[in-house]
Structures are given as C-alpha cells and as structure tokens.
Amino acid sequence: MEFPGYEVKRTIGRGGMATVYLAIQQSLDREIVLKTLNTTHDESGDFFERFLKEGRIIASLRPPHIVTIFDIGSADDTLYISMEYVEGGDLRAKIENRLAPVRGLELVSKIGQALAYAHKKGIVHRDVKPANILFRADGTPLLSDFGIAKDFTVDKGLTSTGTILGSPSYMSPEQAEGLPVDGRTDIYSLGVIFYEMLTGQKPYEGDSAIKVIMKHIQSPVPQLPPELDQFQPLLNRLMAKDRDQRIGDAGELVTEVEDLREEVEGKKGRGMMTLHSLKLPLSARARERRDASVGRGSRTVRMLVLAGVMFVVLGGLGAFMIAQLNKPPALLVRNPPPVVTSSTAGATGGGVGTQSGANGAVIDEQSASRALEWLARNSLRQDRLMSPPADNAHYYFSRLLAINPDNDAAKQGFSAIAERFVVLAEEEFSRKRYGRAQAYITLGLQVEPNNKGLETLRSMIETREKTFFETVADYFKS
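In this text, residue positions in the sequence shown follow my numbering: the first is 12, and each later residue adds one.
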C-alpha cells in the first residue's frame, strides 16, 4: 500500500480496528508510524468514527506523556493517522519480571499526569493497559491508543446503552457493567497495572474473559505480599469497587504517588529499603523461562530426532488439511449451553454454567448479558466467528439467547456473523478458491439460513463453468 509523502518500510502490527506500519516521512526524513483503518471490519460506521476520533483526540492533547500525532489523511479510500514512532517497546515486556517499587510509582505518576491532562480536556481513555503504555528510547513513558476514548463533555450518552468497551483484565467495575464512565475508570485501570508491576501477575485470573470481568465487579481488592504491604493503602484507593471510594481525580493521584515515592526513596537513603533489598519471588512467567533453560542442552539430540519425525508427519497432515478445507464443514446446531442467573439459580442449584464471585453471589442476569454482549462483539471484530470452541461470536450470542430468547442484540449479532461470512466467501470466490468460498457459505447459512447474499453466492458457485481439472475430478468421483 502507498501513501503520498510516506515510504512504508514494514508492518508493525494488526488489530481488529487498524493495521500499523513503520514508515518514513519523506519531507522530514524521519521514522513515523502510520495507523490505517481496516475498512473490511467496518460494519456500521462505528470503526470509521472511532478512528477519526482517535486522531482528533490525540492531536488535541500536548502533554509530555502522550504520544504525538503529526497528520490525518487518506490514500485510495484508506484513512490513516501519522504519529510518533516510539521504539522503546511497551510495558508488557517490562512487567513480566516485575518492576522495582520506585520505578512502578514513577510510571504511575507519569501516566497519571497524562490522564490528568486528558481528563481536564474532557477525555476518558477507557483502555489503559500495559500494551498502550509505550516507551521512547530514553525510557520516557507515553500513553497511546485513544481508539475507544470518550469525550464526556460532548458524548454524554455514549455508554448509556450498556455497550462495554475496554480490555477485560484492566476493566473497571462500572465499565464492565456498561455504566457511564468518568476519569475514575482510568484510575482503576492504572491501579490494576500498578498491582501487576509490583507482583508480575494480574489481580484477577480466570479461564474465560467473562469470569475475569465478573471478578472485577464482585471480588475484593487483591492483597499485596507482606513485603509490599506499604503500597496496599494506595492500591485500595486505586482499585476500590465503588468509584466514590477511589482517588477523586488523576491530579490527586499524582500528588499521592509522588508523596509515597519520596517516602520510599527516603527510607532507601537511610538504609531501610533499597530497590534490590526487596527479594521478590520470581513471577510465574519468569519461573517458566528459568525452568525451560534447565536441561536445554541435554534435549538437543532428542529434539533433532523429533524434528525429523515431525517433518514426515506434517507433510501428510498438510495434505489432509488441504483436502478437509475443501469439504463442506459439519453442520453446527445452535444449541446454547445453559447459563445460570439469579432468576434460575434456585431451580438449578448452582449447576453447570453458574458464575459466582468470591462471596458466592450468583451473577445477575443484566450483568451477565452485558458481559456476554461485549465478548460476542469483541469476537466478531476479531473474526472469531465460530471458533475456537467456547470463545467465539456464535457461542456468546447463543448464550445471550439462552438468557433471553428475545434479545435483539443476539439476533442482530447472528445477522452480523452471516454478513461477515458473505464478505469472506466473496473474497475467496474472487480468488477462484471455490472450495473455501463454499465452506464459508455453508457456515453462514447455518447461522442465517435465509441470507440473500450467501444464497446468491451459492448459486453463482453452482452455476459457474467448471475448469477442465474440476470436470476430470468430478468424472472420477462419479
């Protein structure tokens, strides 16, 4: 893809909303980032508006700890944002082995400054997480990705419909419930990051996104290990479930954090605490890397032998997978798993599907529906239409119907899945990959049997003129 005035060097990453490229701005001969809108994922214009909004939001913010935007433009009907290239990576990589407490406080303070500035401008970020905290080469942290930020001075009704936006592991309770948000939502997310920086682990874990979301709503504030207990009062005020119990605004947060940092550094100067005197246990991922390195040399010969065997096996497996891809997939029956809510808990006695918090409370129907709708729409944006099992758009919309057979969001969701299969089938048809196109059509018609687009594509495939090789193959099949 070409953009006037820019030379694209390589792709940095892809997401549900955009593709990001490293490029050269030719007029100034400097490296920049080009973020382009993935138009194929634009279902209702929401992505388009959010993309433009992100550019305007970042352009309106000029503090030292928010990534700089240079330009917004379009090329060949593709929208793009040109912004600062930050080459120091993000917080995800630095957080695995834990950070020294003073460094953690420093980062909370600087990102807090960025949030304070944004909040004064009427902007709530709503997706503060390690992946959105970037570092310049000199170590300066920057807050990025305002793609789902909310201008609460203008768009006061944006979250009033119950739509959930954000990342489950860092989501505030009010955000998880689809309630209106303010700056305290970002403060909660920063508290989650603070806990993870100190411990190397997320405060709430679960084997599904919905369980993590419900823990944010119901579970108490996590407790730090004894050697870090001096930071517990701050964490309690950052992650309070009731937002009225949290630190009131980001400016107040910065003041509290700086006071605590001075106290910790003062103890360090008196020999009571040093960054290295805190002998913190390794995080789970660090232990995994350590254990993986033990005995690596002794496994080399075994791995070479195994590689030879796998080469032979994968050759046959590849042929099998190609053959299977061109077969119509097995029909999927929309038979949603049971979901136990407060209205059905008494009848089921807490059977399969019951979700409960630390205090054993059954999830209320409204909260479960909001969480399921968020998971379904997020899966749809990421093209997880019918797989992987129990973590896809069809699964979550089906569970919504299990709670309420008249749920309009679920019904519209099934139509959106079918329309996405139309797009995928059209792409394969245009490339003359008719077997793949037919597979997508079959899946889409399972979701929405009367979809006109899928029926038209199926007719086009059935009536097209077959190639010589297909004719020969059909002859030998008969």
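Every residue gets a Cβ at the ideal spot worked out from N, C-alpha and C, and that includes glycine.
None of the values given here were measured: they were computed from a predicted structure.
Taking D156 as reference, the option from L465, E437 and L126 with the minimal CA-CA separation is L126. Looking from the CA of R147, the closest CA among P75, S93 and T47 belongs to P75. By alpha-carbon distance to R109, the top candidate from Q256, F408 and K213 is K213. Under the three-state reduction of DSSP output, Y451 falls in the helix class.
Judged by DSSP secondary structure, Y406 falls within the alpha helix (DSSP H) whose first and last residues are A404 to I414. In the three-state scheme derived from DSSP, where H, G and I count as helix and E and B as strand, M471 is classed as helix. Between V78 and L153, the beta carbon gap of about 5 Å places them in contact (Cβ cut-off 8 Å).
Residue pairing from DSSP leaves P236 without any beta-bridge partner.
Ranked by Cα distance from T22, the first of Q36, N403 and V44 is V44. Collapsing the DSSP output to three states places R442 in coil. Using a C-beta cut-off of 8 Å, the segment 403-411 makes contact with the segment 384-391, since at least three inter-stretch Cβ pairs fall below that distance. Put simply, the segment 245-256 touches the segment 191-208. At least three CB pairs are less than 8 Å apart.
Per the coordinates, the alpha-carbon of E430 lies some 10 Å from the alpha-carbon of V458.
Taking C-beta separations shorter than 6 Å and ignoring five residues to either side along the sequence, the partners of V19 in its chain run Y32 and A34, following chain order. Within 10 angstroms of the beta-carbon of R442 lie fewer than 16 other beta-carbons, which makes it exposed.
Counting only the Cα atoms, Y128 lies some 50 Å from K463. DSSP, reduced to helix, strand and coil, places S178 outside both helices and strands of the structure shown, so it counts as coil.
Annotation for G202: the continuous alpha helix (DSSP H) segment containing it runs G194 to T210. Note on geometry: alpha-carbon atoms of E466 and Y451 lie some 12 Å from one another.
D88 and E13 have their C-alpha atoms some 11 Å from each other. One Cα belongs to V275, the other to V113, and the distance between them is close to 7 Å. Burial check for N461: the Cβ neighbour count within 10 Å stays below 16, so the residue is exposed. The beta-bridge partner set that DSSP reports for P152 consists of F146. Under the DSSP assignment, Y32 falls in the beta strand (DSSP E) whose first and last residues are A29 to Q36.
Between the segment 136-144 and the segment 94-110, the count of Cβ pairs shorter than 8 Å is three or higher; the stretches touch. In the three-state DSSP reduction, Y215 falls in the coil class, being neither helix nor strand.
Per DSSP, the unbroken beta strand (DSSP E) holding V44 starts and ends at R41 to L48.
The beta carbon of Y215 is closer than 8 Å to those of S180, V223, K226, H227, S230 and P233 in its chain, skipping five residues each way along the sequence. Contact between R257 and I221 fails: their C-beta atoms lie close to 24 Å from each other, not under 8 Å.
DSSP links I83 through a beta bridge to I92. In terms of Cβ geometry, A448 and I472 form a close pair [threshold 8 Å]. With fewer than 16 neighbouring CB atoms inside 10 Å of its own CB, T474 falls in the exposed class. In this structure P237 is exposed. Its beta-carbon is surrounded by fewer than 16 other beta-carbon atoms within 10 angstroms.
L454 and P184 have their C-alpha atoms spaced approximately 36 Å apart.
R25 counts as exposed, since fewer than 16 other C-beta atoms from the protein chains shown sit within 10 angstroms of its C-beta. Distance from the CA of L239 to the CA of Y206, rounded to the nearest whole angstrom, comes to 10 Å.
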